[in-house]
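Heads up: the structure comes next, in structure tokens.
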Amino acid sequence: MRDIIRIEKGVTRHPDRRMAEPVSLTISEGEQIAIVGGNAAGKSRLVDIITSRFPLLLNEVHYDFGEDASPLASDNLKYISFRDSYGESDGTYYHQLRWNHHDIDEKTPTAGELLEQAYRLLPGANDELREKLYRMFHLETLLDKYIITLSSGELRKFQLTKALLGAPRVLIMDNPFIGLDAGTRLQLAELLETLVRETGLLVVLVVSREDDIPPFVTHVLPVEDLRLLPKVRREDYKPKALTAQALPEEWRKWIEELPEKDIASMPFYPQKGGEILRFNKVTISYGSRTILKDLYWTVNEGERWALTGENGAGKSTLLSLVCADNPQAYACDIRLFGHKRGSGESIWEIKRHIGYVSPEMHRAYLRDIPAIDIVASGLNDSVGLYCRPKPEQREICRLWLEVFGVGSLAGRTFLQLSSGEQRLCLLARAFVKDPELLILDEPLHGLDNPNRRRVKEIIETFCKRRNKTLVMVTHYEEELPPCIDHHLRLKRQA
Numbered sequence: 001m002r003d004i005i006r007i008e009k010g011v012t013r014h015p016d017r018r019m020a021e022p023v024s025l026t027i028s029e030g031e032q033i034a035i036v037g038g039n040a041a042g043k044s045r046l047v048d049i050i051t052s053r054f055p056l057l058l059n060e061v062h063y064d065f066g067e068d069a070s071p072l073a074s075d076n077l078k079y080i081s082f083r084d085s086y087g088e089s090d091g092t093y094y095h096q097l098r099w100n101h102h103d104i105d106e107k108t109p110t111a112g113e114l115l116e117q118a119y120r121l122l123p124g125a126n127d128e129l130r131e132k133l134y135r136m137f138h139l140e141t142l143l144d145k146y147i148i149t150l151s152s153g154e155l156r157k158f159q160l161t162k163a164l165l166g167a168p169r170v171l172i173m174d175n176p177f178i179g180l181d182a183g184t185r186l187q188l189a190e191l192l193e194t195l196v197r198e199t200g201l202l203v204v205l206v207v208s209r210e211d212d213i214p215p216f217v218t219h220v221l222p223v224e225d226l227r228l229l230p231k232v233r234r235e236d237y238k239p240k241a242l243t244a245q246a247l248p249e250e251w252r253k254w255i256e257e258l259p260e261k262d263i264a265s266m267p268f269y270p271q272k273g274g275e276i277l278r279f280n281k282v283t284i285s286y287g288s289r290t291i292l293k294d295l296y297w298t299v300n301e302g303e304r305w306a307l308t309g310e311n312g313a314g315k316s317t318l319l320s321l322v323c324a325d326n327p328q329a330y331a332c333d334i335r336l337f338g339h340k341r342g343s344g345e346s347i348w349e350i351k352r353h354i355g356y357v358s359p360e361m362h363r364a365y366l367r368d369i370p371a372i373d374i375v376a377s378g379l380n381d382s383v384g385l386y387c388r389p390k391p392e393q394r395e396i397c398r399l400w401l402e403v404f405g406v407g408s409l410a411g412r413t414f415l416q417l418s419s420g421e422q423r424l425c426l427l428a429r430a431f432v433k434d435p436e437l438l439i440l441d442e443p444l445h446g447l448d449n450p451n452r453r454r455v456k457e458i459i460e461t462f463c464k465r466r467n468k469t470l471v472m473v474t475h476y477e478e479e480l481p482p483c484i485d486h487h488l489r490l491k492r493q494a
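According to my numbering, the sequence shown is numbered sequentially starting from 1.
Here is the structure:
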């Protein structure tokens, strides 16, 4: 059996992070691989080694794609990280870009145009595969959408389609299932299984959730503490038992005993028990496409809402209205904290009451500053730290990092952290000002099992306090904390 990818005692070094010992690995024809491990375990570093993005000091990665394969490794091996799904490759975009429709001009491409351009450049393009991909991802609903107006889930479908159109020999995907609704996750797993069976595609999946390992995977590559453990057959792999990384009692008590704020004296906040949000027949459209239609929704102080719906149903657009990031809010009948939008309030008066995190914010947050400064930026709702926090504020930032289990990373810069560590820092940023309203858009996105459990308990504990209101988006029902008492499900408009 041919070894498609082989590494023999590859040595790596890095000024900050490295695989802890020489890496030896073979991936053979007929194998389908899942790379598993906790946050910061070294999964992304292993992928960088396999794809030659991270050079080895000794030896190298050997590829054997077959006699009829292209001589260029990049033609045969595709890697999708899903990090910069839209915007420029250097990350020079802002996280509410797709809500600013006025940025669109005659040069702005649609998703269909970009896919067609990529398809025309492919040697031996496969029309049948293209039709199958378009059907599976319901691309007929987004081909005419401008790329900057796609939802995070739609962007993921676009990226997957673009990569799969090239019929690569090896496809490496980093957490391909997160951000997709349940139906699309199932369809993607079935499509990959079909491609594996019919084309001999070798798939390597990096997963944070071991529950996301699809049935067609034959072998598991565990990574732990920057060490690659021996490859094991899927049926022999035993996930580590979930142990004590739930929220420690000292931090549960610390959250419960946070001092209650005098919200009665705060400007731009309703009377006790009043309305936090009211949407009265709200419709949001981009050109001829309607995202939200005649939406009525009221959220009262102290309620905990789950916001769900398939990809493209308008969840993130709805949250942009709540967070005052969408200019269309001024044309709608929307009341925030008891005040009609456009009645003289500033965006900062709104945001001072809101703690917010989302996958889009994570993608766009490219400031390489210490983690504690990332948390401190949440005190003033800035991207980057422009006001030096007082010593007591800095201490609160440090404590919230401890609550989320990343206190030891306070001095590490953001872009040197793993994706999971970054998400935990951004969550601490959302909580640091003790907000009255928490807007959590897929907050457990990319976290491993212990950290998902910990964050879920932090949300639950925080929301048991007085005057706390929650709106949470997730595509995984089991991620919702027990405190959820209301549910709004959006349906995608035709």
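Every residue gets a Cβ at the ideal spot worked out from N, C-alpha and C, and that includes glycine.
Note that the structure is predicted; figures quoted are calculated from it, not measured.
TODO: In the DSSP assignment, find the unbroken beta strand (DSSP E) run with Gly355 in it and report its ends.
DONE: DSSP places Gly355 in the uninterrupted beta strand (DSSP E) bounded by 354-357.
- [ ] Compare the C-alpha of Val23 against each of Pro270, Glu303, Glu224, Arg233 and name the closest.
- [x] It is Glu224 whose Cα lies nearest to the Cα of Val23.
Open item on the list: Please return the same chain residues whose Cβ sits closer than 7 Å to the Cβ of Tyr356, not counting the five positions on each side in sequence.
Closed with: Once the five neighbours on either side are set aside, the close Cβ partners of Tyr356 are Cys323, Ala430, Ile439.
Open item on the list: Considering only their Cβ atoms, is the gap separating Asn39 from Asn451 smaller than 7 Å?
Closed with: Judged by beta-carbon spacing, Asn39 lies within the 7 Å limit of Asn451, meaning their Cβ atoms are closer than that value.
Task: Alpha-carbon to alpha-carbon, Glu436 and His353 - done: About 5 Å.
Open item on the list: Taking the alpha-carbon of Glu8 as reference, which of Lys43, Glu31, Val196, Ile49 has the nearest alpha-carbon?
Closed with: Looking at the Cα atoms, Ile49 is the closest of the given residues.
Open item on the list: Please classify Leu121 as buried or exposed, where buried requires at least 16 neighbouring CB atoms within 10 angstroms.
Closed with: With fewer than 16 other CB atoms across the displayed protein chains lying within 10 angstroms of its CB, Leu121 is exposed.
TODO: Write down every uninterrupted run of the alpha helix (DSSP H) in the region 122-168 whose length is 4 residues or greater and which is fully enclosed by it, in chain order.
DONE: The qualifying runs are 127-136, 152-165.
TODO: Sort Thr290, Ala376, Asp381 by Cα distance to Ile350 and report the nearest one.
DONE: Among Thr290, Ala376, Asp381, the Cα nearest to that of Ile350 is on Asp381.
TODO: Helix, strand or coil for Tyr286, going by three-state DSSP, please let me know.
DONE: Tyr286: strand per DSSP, three-state reduction.
Open item on the list: Report the CB separation of Leu307 from Val471 in whole angstroms; it is logged as a contact under 8 Å.
Closed with: Confirmed, Cβ separation roughly 6 Å.
Task: Short Cβ contact (7 Å threshold) for Ala163 with Ile80 - done: For the pair Ala163 and Ile80, the CB atoms are nearer than the 7 Å cut-off.
- [ ] Label Tyr476 either buried or exposed according to how many other C-beta atoms from any shown protein chain fall within 10 Å of its C-beta, with 16 as the threshold for buried.
- [x] It is buried - the Cβ of Tyr476 has at least 16 other Cβ atoms within 10 Å.
Open item on the list: Using a 10 Å radius around the Cβ and a threshold of 16 neighbouring Cβ atoms, would you call Gly30 buried or exposed?
Closed with: Exposed, since its Cβ has fewer than 16 Cβ neighbours within 10 Å.
- [ ] Below 8 Å CB to CB, which residues in the same chain sit around Ser89 once its five sequence neighbours on both sides are set aside?
- [x] Low confidence applies to Ser89: its pLDDT is 35, below 50, so where it sits in the model is not reliable enough to give any reading.
Open item on the list: By DSSP's criteria, Gly309 is part of a beta bridge. Which residues make up the other side?
Closed with: DSSP lists Leu490 as partners of Gly309.
- [ ] Specify the secondary structure class of Ser377 as computed by DSSP and reduced to three states.
- [x] For Ser377, the three-state secondary structure derived from DSSP is helix.
- [ ] Assign Gly287 to one of two classes, buried (16 or more other C-beta atoms within 10 Å of its C-beta) or exposed (fewer than that).
- [x] Exposed.
Task: N- and C-terminal bounds of the alpha helix (DSSP H) containing Pro222 - done: Pro222: not part of any alpha helix (DSSP H); member of the beta strand (DSSP E) spanning 219-224, first to last residue.
Task: alpha helix (DSSP H) segment containing Ile347, residue limits - done: Segment 347-351, the alpha helix (DSSP H) holding Ile347.
Open item on the list: Measuring straight from C-alpha to C-alpha, what distance separates Glu275 and Arg466?
Closed with: Roughly 15 Å separates the two Cα atoms.
TODO: Could you give the DSSP three-state label for Phe497: helix, strand or coil?
DONE: Residue 497 is absent from the structure shown; the chain starts at 1 and stops at 494.
Task: Alpha-carbon spacing of Asp64 relative to Thr218, whole angstroms - done: About 20 Å.
Task: Reference Lys132, options Lys107, Thr194, Ile147, closest by Cα - done: When each option's Cα is compared against that of Lys132, the closest is Thr194.
Open item on the list: So, under 8 Å CB-CB, Pro222 and Gly37 are touching, yes? Tell me the CB distance rounded to an integer number of Å.
Closed with: About 6 Å separates the two Cβ atoms, so the contact holds.
Open item on the list: Once DSSP output is grouped into helix, strand and coil, what is the label at Leu25?
Closed with: Three-state DSSP puts Leu25 in a strand.
- [ ] Can you tell me which of the three DSSP states His95 falls into?
- [x] Reliability fails at His95, whose pLDDT of 37 lies under 50, so the model's placement of it is uncertain and the value that follows must be treated cautiously. In the structure shown, His95 sits in coil (DSSP, three-state: anything other than H, G, I, E or B).
TODO: Go ahead and pull the three-state DSSP assignment for His62.
DONE: Three-state DSSP puts His62 in a strand.
Open item on the list: From the DSSP secondary-structure annotation, give me the bridge partner or partners of Arg6.
Closed with: Beta-bridge pairing links Arg6 to Thr26, His62.
TODO: Would you grab the beta carbon distance between Gly112 and Leu143 for me? Rounded to a whole angstrom, and I think it's under 8 Å.
DONE: Rounded, the Cβ-Cβ distance is 3 Å, consistent with contact.
Task: Continuous alpha helix (DSSP H) stretch holding Leu315: start and end - done: First, the residue type needs correcting, since residue 315 is Lys and not Leu in the sequence shown. Segment 315-322, the alpha helix (DSSP H) holding Lys315.
Open item on the list: If you reduce the DSSP assignment to three classes, tell me which class Glu335 lands in.
Closed with: Note that residue 335 corresponds to Arg in the displayed sequence, not to Glu. Residue state, collapsed to three classes: strand.
- [ ] List the DSSP bridge partners of Ile80.
- [x] Answer is Met173, bridged to Ile80.
Open item on the list: So, at 6 Å on beta carbons, what are the nonlocal neighbours of Val473 in its own chain, with the 5 sequence-adjacent residues on each side left out?
Closed with: Hits under 6 Å: Leu307, Lys315, Asp441, Glu442.
- [ ] Assign Ser408 to one of two classes, buried (16 or more other C-beta atoms within 10 Å of its C-beta) or exposed (fewer than that).
- [x] Answer is exposed; the Cβ neighbour count stays below 16.
Open item on the list: Once DSSP output is grouped into helix, strand and coil, what is the label at Val455?
Closed with: If DSSP states are grouped into helix, strand and coil, Val455 belongs with the helices.
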